[in-house]
Structures are given as C-alpha cells and as structure tokens.
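S.K.: So the protein sequences, as listed, match chains A and B.
At position 128 of the first sequence (counting the first as 1) the number is 128 in our numbering, and the numbers step up by one without a gap.
At position 18 of the second sequence (counting the first as 1) the number is 1018 in our numbering, and the numbers step up by one without a gap.
Sharing a structure here in structure tokens format.
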Amino acid sequence: MSAVLPAIPPVLAAIGLMLANGVVLIYMLRKVLGHLHLRLGPTHVGPKGLVQTTADVLKLLSKEDVTPNGVDRWMYVLAPVVVFVPSLMAYAALPFSETLRITRLETGLLYTFAVLSLVPLGVIMAGWASANKYALIGALRAAAQQVAYEVPLLLSVLPVVMIVGSLDLAEIVAFQTGVWAGVVPRWFVLLLVPSFVLFMISALCELNQTPFDMSEAESELVAGFATEYSSMRFGLIFLSEFSNSFVISALAVVLFFGGWTLPFVPDAVIAPVAPLVFVAKTYVGIFIFMWIRGTLPRVRIDQLMNLGWKWLIPIALAWIMIVGVVVKLAAPGGVA
Amino acid sequence: MSETVNGVTFIILAFASIIGAIGMLTTRNIVHASFWLLEVMVAVGGLYLLLSAEFLAVVQILVYAGAVSVLLLFVIMLTLRRREDSVRPVEISIGGGVLAAVFGTVIYVAIAQYGDRVAEMPDVAPGVAELGELLFTRWALPFEVASLVLLVALVGAVWWSKEEDR
C-alpha cells in the first residue's frame, strides 16, 4: 500500500482548505454584499461579526437532519456526496506554487473542467430525489445552464492552450512570468482580452451566481435544488458551491493572471510566499464575482440560453480561428 | 506505483463497473438506471487511468459522464409526464434477447481469437501532444470522417425537431 499512504496528507489538506475557504467565504460574502447594499453585514458575534460563520457552522452541525416523506431515499442521501466529491477532486491539479500542489497532471486544465462537469449530475440527483417541484425545476435549470456554458468555457481557454502549447497548469503559469518590453506583464489577460471576457461570463454561469442564479432564484424557487436539504447535508452542498467559486477563480488566476508569480518581482523573492500570492489573487477574483453578484439583476432563463448558444459560442469559435492564424503566422517554426 | 495497489484498484473499479451495469439492467426506475450508467462510465474512466491513458480518462469523464448522462437525464425528465412514470414494468423482448446473444457470441469469439496474447505496453505512456499529432497526421481522415458523422447527426436532430413544429 506504499503508493496510497503518501496520497492521504494532500487529500486531507485539500479538505481542510475547502472547509476553511467555505468559512471565510461565507463571512466575506455577507460583508461584501452587505456593504454593497449599504448594510453592515454581521456585526454581533465577535469583533466585526468575525465569529458569526463559526457559530453558523456549529448550528448546521447540530441541527436535526430532516428527511422529508416521499423522497427517493438512496438518491437523497447520495446527492450531497455526489455534489461534494467533484468539488474536492478539482483541487488536485491546482498549482499553488512551483512545488506546492497535490499532483502535477499533463492534462491539468482539462482534468479540472472534467471533474467540475460532474457537479450538475449531483444537482439533478438532489432535485429529483427531493420529490419537490421547486427542487426539480431548480435542478433542471442549474444543469441546463451548466451544460450550455461548459462549451464556451472550454472554448474560451483554448487560445491560451494554443499559445502555450500545453494543458499543464504549471506550464501555463511559467509562460506568463516576466514582462514584455520592460513594462507590460506577460499576462494573458492583456494579450487575449476576448478570451478573458468569455471566460468570466461563462464562469459566472457555471457557478450559478447572480446574474445567472436562476437555479436558486429565491423569489421563485425557494432555494432551488437544495430546498429539501437540512443540517450538514445542506452544508455539504453549500460548501461545494463556495469551493467551486474558489476553483474557478484560481483557474482564472492561472490562465490569465500569471498564477503565483508577480511581474517586476524576481522569482527568488516570491518563492517563499508563492502560495500566499496565489491565494490572495484568487480572493481578489472571488471579490469581483461578489461585486458582480451584488450589482447586477438576474437575467431571464431564455435570455441566458440565447446568450450562451447564439453569441458566446460563435464568438469563441471565431476568436479561436483568429488566434490560430496569428499563432501560425507569428511563429512558423512552432509555437511562440 | 506498486503492483498490489494497481491490482486492488483494478478489482474495485472492475467490480464497480460490472455491478453498475447489472444495476442499470435490473432496476425498473429509468432515472436510477441512468445514474447506474453514470457510475459505469466513471468506473471505466478509472480503468483508463490505470492504463496510463490520462487524456482518454479525462475525456471519458468530461464527455460521457459530464455531458451524455446529463443530456440523458434531461430527456428523461422532460418527457416524463408524472413522477410515477419513471418506474417501468419489465418487458421481455425476444428480439432483444437474440441481439444480446449474437453480440455476446461475437465478443466472446473476438476475445478467444486473441487468446493469451498480452499487448506490449511502452515504458512511458505517450502524452497529449503525441496523441494530437497522430490524430491530425496519420489518422486525419478517420478523425475528420467521425467529425462529419457527428455534424450530420447534429443537423439531422435540429431538422427533425423543426419538422414537429410545423
């Protein structure tokens, strides 16, 4: 069993990161949304309401786990796990620094998208098993939009892969170190603006976040597919949603913002604090997601589907053609 | 990775896929059946990974588990009128039995032909770049034909669903 034992600590670390990230993000979400709405957010428990989330977690853990009558028993129990496990697996390929990562995969980028594509299945499972109309409608909406937006999400990152010539997340980061002409960081966000815009829109949709949160539109569907879940089963579903925010934001950092590196700062200086730089960048991304969430109204489901199929996918395909031609012309010998 | 771990993992995955397939065939609830199918697909993806076919495993998860099962569930849930309709009676069809028997025989004969021949595995599994290069040079024609077939199916599906509207 020698090969199994060394794999245990990184997995435990990922679970720990996921839990800590959930606790931090709930507090952050409440505070950020609160201030965006000219409210204060939590203030009572602890200084500036800092312990509020901890209290909530304890509450979730100690609450009664209610199983409604008429649910599809096995699937009802299994669904939160099916939602949670892919979210946990998505951490496997994320490079926090040159050395700190769970595993180095040649197909890291594709792997992360593949495991994230399993999340809608857990959502459908939860919605179906709940035997509740709102839950099922919410689940089908969530799955429909996630399946629809997976296509532009994958297409939007293809130009990056074409230029780097690798699906390995670490190599994508390595390509972005340094500066052009002494001043411009070699970040893909500056080189491939359309890709980044496409990625951001599709990512918001993948995450079921406002303005694309049709799956749990509170005013229409109670809490969508999670309506019938209580206690820590509900906790698992929510933890997975916050964790997906982290993973998608981390992917954006890797693909477009140079991962753990900083421009103008030599690698030797960053090396000891690289994971911190990475996590800080990721949290800036999450803050922007929350900013959008607190600012924009929800779109309608038909508008969402039109945007995805009729606009984003054709634009993404056209952009891939353009980048492909430019890459070929710029470097006849190979990839720049 | 040591042999024992591989063996244990293989047995777990192999049994998972077989049990999933049996579960899919024996359950009377079509929603359960599609989740069993999903389990089979994920387990087979794991088997690919054991063979160092990383890209194939990832694509198996992305396309079959992530997209095909979701579409399958969608079709089931959009066509079910009532929740109770998901439970179907067991239908025994002679044609299906004959087809299964023929298929089983063909597969058995094919495997028997190969006998104990063990495929030689390279020391280092080829990576994604090598695979892509082969696909677009040596196997370019079959690759393009497969793409064309998929495109035709796509256009056909759109045309078919339009016809219903009129």
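Every residue gets a Cβ at the ideal spot worked out from N, C-alpha and C, and that includes glycine.
These figures come from a predicted structure and were not determined experimentally.
(1) Based on Cα-Cα distance, which residue from A:Val-189, A:Leu-255, A:Ser-240 and A:Ile-163 lies nearest to Ala-331 of chain A?
(2) At what residues does the alpha helix (DSSP H) containing Gly-182 of chain A begin and finish?
(3) May I ask which residues mark the beginning and end of the alpha helix (DSSP H) holding Phe-246 of chain A?
(4) Since Asn-1029 of chain B sits in a beta bridge, which residues does DSSP pair it with?
(5) Considering only C-alpha positions, which residue in the set A:Val-265, A:Lys-310, A:Ile-124 and A:Ala-93 is nearest to Leu-110 of chain A?
(6) With DSSP run on the structure shown, which of helix, strand or coil describes Asn-1006 of chain B?
(7) So, are the CB atoms of Ser-240 of chain A and Phe-96 of chain A less than 8 Å apart?
(8) Compare the beta carbon distance of Ala-226 of chain A and Ala-126 of chain A with 8 Å and say whether it is the shorter of the two.
(9) Below 9 Å on C-beta distance, what does Phe-1074 of chain B contact in chain A?
(10) Please classify Pro-159 of chain A: is it buried, with 16 or more other beta-carbons within 10 angstroms of its beta-carbon, or exposed?
(11) Put Lys-59 of chain A into one of helix, strand or coil per three-state DSSP.
(12) Who are the neighbours of Leu-105 of chain A on chain B, taking C-beta pairs under 9 Å?
(13) With burial defined as no fewer than 16 other Cβ atoms inside 10 Å of the residue's Cβ, what is the status of Arg-1081 of chain B: buried or exposed?
(14) Nearest-angstrom Cα distance between Asn-1013 of chain B and Gly-178 of chain A?
(15) Does the beta carbon of Val-335 of chain A come closer than 8 Å to any beta carbon on chain B?
(16) So Pro-120 of chain A contacts chain B; which residues on that side make the cut at Cβ distance below 7 Å?
(17) At 4 residues or longer, and completely inside the stretch 117–169 of chain A: list those alpha helix (DSSP H) runs for me, N to C.
(18) Between which two residues does the alpha helix (DSSP H) carrying Ala-1100 of chain B extend?
(19) Tell me which same chain residues have a C-beta within less than 8 Å of the C-beta of Asp-65 of chain A, skipping the five on either side of it?
(20) Tell me whether Arg-298 of chain A sits in a helix, a strand or coil according to DSSP, three-state version.
(21) Quick one: is Phe-1035 of chain B near chain C, going by C-beta distance under 8 Å?
(22) Going by C-alpha to C-alpha distance, which of A:Leu-19, A:Ser-130 and A:Ala-170 sits closest to Phe-256 of chain A?
(23) Helix or strand or just coil, what does DSSP make of Gly-41 of chain A?
(24) Skipping 5 residues on each side, what residues in its chain have a beta carbon closer than 7 Å to that of Ser-1086 of chain B?
(25) By how many angstroms is the C-alpha of Gly-324 of chain A removed from the C-alpha of Tyr-27 of chain A?
(26) Evaluate contact between the stretch 257–277 of chain A and the stretch 116–130 of chain A, counting only Cβ atoms and requiring at least three cross-stretch pairs below 8 Å.
(27) Of all the CB atoms in chain B, is at least one closer than 8 Å to the CB of Ala-316 of chain A?
(28) If we ignore side chains and look at the alpha-carbon of each, how far apart do Gly-1066 of chain B and Leu-153 of chain A end up?
(29) Mind checking whether Ala-1053 of chain B and Glu-1039 of chain B have CB atoms under 8 Å apart?
(30) Using a Cβ-Cβ distance cut-off of 8 Å, determine whether Met-1077 of chain B contacts chain A.
(31) Check for me: the alpha helix (DSSP H) holding Asp-267 of chain A runs from which residue to which?
(32) Along the chain, where does the alpha helix (DSSP H) that runs through Leu-88 of chain A open and close?
(33) According to a CB-to-CB cut-off of less than 9 Å, which residues of the stretch 232–258 of chain A neighbour chain B?
(34) With a threshold of 8 Å, are at least 3 pairs of Cβ atoms found where one atom belongs to the stretch 313–322 of chain A and the other to the stretch 51–60 of chain A?
(35) Going by beta-carbon coordinates alone, are Phe-1010 of chain B and Leu-1050 of chain B separated by less than 8 Å?
(36) Just mark Val-1155 of chain B as buried or exposed, buried being the case when its beta carbon has 16 or more other beta carbons within 10 Å.
M.R.: Checking against the coordinates, here is how it stands:
(1) The residue labelled residue 331 of chain A in the question sits at position 331 within the first sequence. Selected option, being the one with the closest Cα: A:Ile-163.
(2) Residue mapping note: residue 182 of chain A aligns to position 182 of the first sequence, counting from 1. Where Gly-182 of chain A is concerned, there is no enclosing alpha helix (DSSP H), given that its DSSP letter is neither H nor E.
(3) To locate residue 246 of chain A, count along the first sequence from 1; it is residue 246. It spans 231–256 - the alpha helix (DSSP H) in which Phe-246 of chain A sits, taken as one unbroken run.
(4) Counting from one through the second sequence, the residue named residue 1029 of chain B turns up at place 29. In the DSSP output, where bridge partners are listed per residue, Asn-1029 of chain B has B:Val-1087.
(5) The sequence position of residue 110 of chain A within the first sequence is 110, counting from 1. Of the listed residues, the one whose Cα sits closest to Leu-110 of chain A is A:Ala-93.
(6) On the second sequence, position 6 is the one that residue 1006 of chain B refers to. Looking at Asn-1006 of chain B - three-state DSSP - the assignment turns out to be helix.
(7) The residue you call residue 240 of chain A lines up with position 240 of the first sequence. The residue you call residue 96 of chain A lines up with position 96 of the first sequence. No; because the gap between Cβ atoms is not below 8 Å, this pair is not in contact.
(8) Taking the first residue of the first sequence as 1, we reach residue 226 of chain A at position 226. Taking the first residue of the first sequence as 1, we reach residue 126 of chain A at position 126. Closer than 8 Å, so yes.
(9) Taking the second sequence and counting its residues from 1, one reaches residue 1074 of chain B at position 74. Within 9 Å Cβ-Cβ: Ile-124, Leu-140, Ala-143, Ala-144 and Val-147.
(10) Locating residue 159 of chain A in the first sequence gives position 159, where the first residue counts as 1. Buried.
(11) Within the first sequence, the letter at position 59 stands for residue 59 of chain A. Residue state, collapsed to three classes: helix.
(12) Here residue 105 of chain A refers to the residue found at position 105 of the first sequence. Chain B residues near Leu-105 of chain A: Glu-1054 and Val-1058.
(13) Position 81 of the second sequence, counted from the start, is the residue given in the question as residue 1081 of chain B. Exposed is the call here.
(14) The residue you call residue 1013 of chain B lines up with position 13 of the second sequence. The residue you call residue 178 of chain A lines up with position 178 of the first sequence. Sequence inspection shows Leu at residue 1013 of chain B; the Asn mentioned does not correspond to that position. Roughly 45 Å between the two C-alpha positions.
(15) Working through the first sequence from its first residue, we reach residue 335 of chain A at position 335. With a pLDDT of 46 at Val-335 of chain A, under the threshold of 50, the modelled position of that residue is not reliable, and no figure is offered here.
(16) Numbered from 1 along the first sequence, position 120 holds the residue referred to as residue 120 of chain A. Per Cβ cutoff of 7 Å: Val-1070.
(17) 119–129 and 133–164
(18) As a working note, residue 1100 of chain B is residue 100 in the second sequence. Taken as a continuous stretch (DSSP letters only), the alpha helix (DSSP H) holding Ala-1100 of chain B covers 1094–1114.
(19) As a working mapping, residue 65 of chain A is identified with position 65 in the first sequence. Around Asp-65 of chain A: Ser-230, Ser-231, Met-232 and Arg-233.
(20) Position 298 of the first sequence, counted from the start, is the residue given in the question as residue 298 of chain A. Correct three-state label for Arg-298 of chain A: coil.
(21) Of the protein chains in this structure, namely A and B, none is chain C.
(22) Mapped onto the first sequence, residue 256 of chain A falls at position 256. For Phe-256 of chain A, the nearest C-alpha among the options comes from A:Ala-170.
(23) Within the first sequence, numbered from 1, the residue matching residue 41 of chain A stands at position 41. Coil.
(24) Position 86 of the second sequence, counting from 1, holds the residue named residue 1086 of chain B. Excluding residues within five positions, the ones whose Cβ falls inside 7 Å are Asn-1029, Ile-1030, Val-1031 and Leu-1080.
(25) One-based indexing of the first sequence puts residue 27 of chain A at position 27. One-based indexing of the first sequence puts residue 324 of chain A at position 324. Between Tyr-27 of chain A and Gly-324 of chain A, the C-alpha separation is close to 43 Å.
(26) no
(27) What you label residue 316 of chain A is simply residue 316 of the first sequence in a count that begins at 1. Not closer than 8 Å to any Cβ of chain B, the Cβ of Ala-316 of chain A fails to qualify, so no.
(28) Here residue 1066 of chain B corresponds to residue number 66 of the second sequence, with the count starting at 1. Here residue 153 of chain A corresponds to residue number 153 of the first sequence, with the count starting at 1. Looking at the two C-alpha atoms, the distance is approximately 14 Å.
(29) Here residue 1053 of chain B refers to the residue found at position 53 of the second sequence. Here residue 1039 of chain B refers to the residue found at position 39 of the second sequence. Cβ distance not < 8 Å, so Ala-1053 of chain B and Glu-1039 of chain B don't count as in contact.
(30) As a first step, residue 1077 of chain B must be located in the second sequence, where it is residue number 77. Yes, Met-1077 of chain B counts as interfacial toward chain A.
(31) Locating residue 267 of chain A in the first sequence gives position 267, where the first residue counts as 1. Per DSSP, Asp-267 of chain A belongs to the alpha helix (DSSP H) from 267–270.
(32) By 1-based counting over the first sequence, the position of residue 88 of chain A is 88. Note, Leu-88 of chain A: alpha helix (DSSP H), 73–89.
(33) none
(34) no
(35) Counting from 1 along the second sequence, the entry for residue 1010 of chain B is found at position 10. Counting from 1 along the second sequence, the entry for residue 1050 of chain B is found at position 50. Yes, Cβ-Cβ distance for Phe-1010 of chain B and Leu-1050 of chain B is below 8 Å.
(36) Here residue 1155 of chain B refers to the residue found at position 155 when the second sequence is read from its first residue. Val-1155 of chain B is exposed by the Cβ-count criterion.
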